[in-house]
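S.K.:
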Amino acid sequence: KKSRQKTRVLKRTVNPMFNHTMVYDGFRAEDLKEACVELTVWDRDRLANHLLGGLRLGMGT
């Protein structure tokens, strides 16, 4: 099962600060052993969006 959430875009800053909580409902405890969280950070401008970095965390580790 795939679910995606995004934070809002912070405009005109080179040092954005995020304090955002994301909640996912519908998971059972046994589902978390196989779950994975992927976070990516993007630079957004008028011409293109650029991937700055990311990571993937397995919840069972």
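All letters in the sequence shown, in the order written, are residues 1032 to 1092 by this note's numbering.
We put the CB at the ideal spot given by N, CA and C, even for glycine.
Small disclaimer: the values here were computed from a predicted structure and weren't measured.
(1) Considering only their Cβ atoms, is the gap separating Arg1075 from Val1109 smaller than 8 Å?
(2) Tell me whether the beta-carbon of Val1072 lies closer than 8 Å to the beta-carbon of Leu1083.
(3) Helix, strand or coil: which one does DSSP assign to Phe1076?
(4) With distances taken between CB atoms, is the gap from Gly1057 to Glu1069 smaller than 8 Å?
(5) Met1090 to Cys1067, Cα distance in whole Å?
M.R.: In short, the structure shows the following:
(1) Look at the range of the chain in this structure, 1032 to 1092, and you will see that residue 1109 is not part of it.
(2) For this step, residue 1072 is matched to residue 41 along the sequence shown. For this step, residue 1083 is matched to residue 52 along the sequence shown. Closer than 8 Å, so yes.
(3) As a working mapping, residue 1076 is identified with position 45 in the sequence shown. Contrary to the premise, residue 1076 reads as Asp rather than Phe in this sequence. In this structure, Asp1076 counts as coil in the three-state DSSP scheme.
(4) Against the sequence shown, residue 1057 aligns to sequence position 26. Against the sequence shown, residue 1069 aligns to sequence position 38. In this structure, Glu1069 does not lie closer than 8 Å to Gly1057 by Cβ.
(5) Residue mapping note: residue 1090 aligns to position 59 of the sequence shown, counting from 1. Residue mapping note: residue 1067 aligns to position 36 of the sequence shown, counting from 1. Approximately 6 Å, taken between the alpha carbons.
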